[in-house]
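S.K.:
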Amino acid sequence: MRCMDDAEVRVGPLRFAERHLAEDANDGRLFFLVEIVAPGLVARLEGVTNLADGMGLPCFLGGLDFRGWEGEKHWHSADRDVSVVARWNSRGHVELKWTLRPWRHSVTGEWSASAVTELEAGAEKDTLVAALHNFLAVEMG
280 MRCMDDAEVR VGPLRFAERH LAEDANDGRL FFLVEIVAPG LVARLEGVTN
330 LADGMGLPCF LGGLDFRGWE GEKHWHSADR DVSVVARWNS RGHVELKWTL
380 RPWRHSVTGE WSASAVTELE AGAEKDTLVA ALHNFLAVEM G
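If you read the sequence shown in my numbering, its first letter stands for residue 280, the second for the next number, and so on.
1) Among P381, D360, K376, E397, which has the Cα closest to the Cα of S369?
2) Along the chain, where does the beta strand (DSSP E) that runs through L336 open and close?
3) Return yes when the Cβ of V395 is within less than 8 Å of the Cβ of L379, no when it is not.
4) With DSSP run on the structure shown, which of helix, strand or coil describes T387?
5) W390: which of D303, L324, D284 sits nearest, CA to CA?
6) Please list the segments of the beta strand (DSSP E) lying wholly inside the region 363-416, counting only runs of 3 or more residues, in order along the chain.
7) Use the C-beta contact count for A402: other C-beta atoms within 10 angstroms, 16 or more gives buried, fewer gives exposed.
8) Mark N413 as exposed unless 16 or more other C-beta atoms lie within 10 angstroms of its C-beta, in which case mark it buried.
9) Per DSSP, what are the beta-bridge partners of E314 in this structure?
10) Please report the distance separating the alpha-carbon of G420 from that of L336.
11) So, for S393: in the same chain, excluding its five sequence neighbours on each side, which residues have a beta-carbon less than 7 Å away from its beta-carbon?
12) Once the 5 residues before and after A322 are set aside, which same chain residues still bring their CB inside 7 Å of it?
13) Compute the beta-carbon to beta-carbon distance between N329 and L415, rounded to the nearest angstrom, for a pair I have assumed lies under 8 Å.
14) Straight-line CA distance for A400 to L343?
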């Protein structure tokens, strides 16, 4: 598979990039990279899959109410290799804990990596939702 373009979305130390469509045009899946880069850490999760309509993660983030909520809200990708835990704080921000954990296991062992980002619960969050929607929703044609 070839990389479709150089589009990417960044949120703190997290990067979504390297989009690929499935070889079979009827497949409907999009593959991409999710990466966490921080001092002393590079965690790359390649081949993350998503239906090419891309609605899962943007819908989850878009549904986080700027007025706040109690407790935590959870989302995970279809393969459960990317997960997000959202918490609202009294400063009007959304704290997002992103965890990468490959579903593919190897003889070298398992790993996971997490990063926490904080966004203003209104416009800043909405900007991320729009960017992820544009990244994950691919015209099939």
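C-beta atoms are modelled at their ideal positions from N, C-alpha and C, and glycine is treated no differently.
Only a predicted model underlies this, so the values are computations on that prediction, with no experimental measurement involved.
M.R.: Checking against the coordinates, here is how it stands:
1) Working through the sequence shown from its first residue, we reach residue 369 at position 90. Distances from the alpha-carbon of S369 to those of P381, D360, K376, E397 put E397 closest.
2) Mapped onto the sequence shown, residue 336 falls at position 57. Secondary structure note for L336: it is in no beta strand (DSSP E), and the uninterrupted alpha helix (DSSP H) holding it is 335-341.
3) Locating residue 379 in the sequence shown gives position 100, counting from the first residue. Locating residue 395 in the sequence shown gives position 116, counting from the first residue. Contact: no.
4) Here residue 387 refers to the residue found at position 108 when the sequence shown is read from its first residue. Per DSSP, reduced to three states, the secondary structure at T387 is coil, with no helix or strand assignment.
5) Here residue 390 refers to the residue found at position 111 of the sequence shown. For the residues D303, L324, D284, the minimum Cα distance to W390 belongs to L324.
6) Unbroken beta strand (DSSP E) runs of no fewer than 3 residues, entirely contained in the region 363-416, are found at 372-379, 392-399, following chain order.
7) In the sequence shown, the residue the question calls residue 402 occupies position 123. With fewer than 16 Cβ atoms within 10 Å of its Cβ, A402 is classed as exposed.
8) As a first step, residue 413 must be located in the sequence shown, where it is residue number 134. N413 should be labelled exposed.
9) Looking up residue 314 in the sequence shown gives position 35. The partner list for E314 (beta bridge, DSSP) reads R294, R323.
10) By 1-based counting over the sequence shown, the position of residue 420 is 141. By 1-based counting over the sequence shown, the position of residue 336 is 57. A caution first: G420 carries a pLDDT of 49, below 50, which makes its placement in the model too unreliable to give a value.
11) Stepping through the sequence shown from its first residue, residue 393 is reached at position 114. Excluding positions up to five away in sequence, the list reads K376, W377, T378.
12) Indexing the sequence shown from 1 puts residue 322 at position 43. Cβ neighbours of A322 beyond the five flanking positions: E314, I315, L379, A392.
13) Locating residue 329 in the sequence shown gives position 50, counting from the first residue. Locating residue 415 in the sequence shown gives position 136, counting from the first residue. Indeed, because the Cβ distance is near 6 Å, the residues count as touching under 8 Å.
14) What you label residue 400 is simply residue 121 of the sequence shown in a count that begins at 1. What you label residue 343 is simply residue 64 of the sequence shown in a count that begins at 1. Near 8 Å, if we compare the C-alpha coordinates of L343 and A400.
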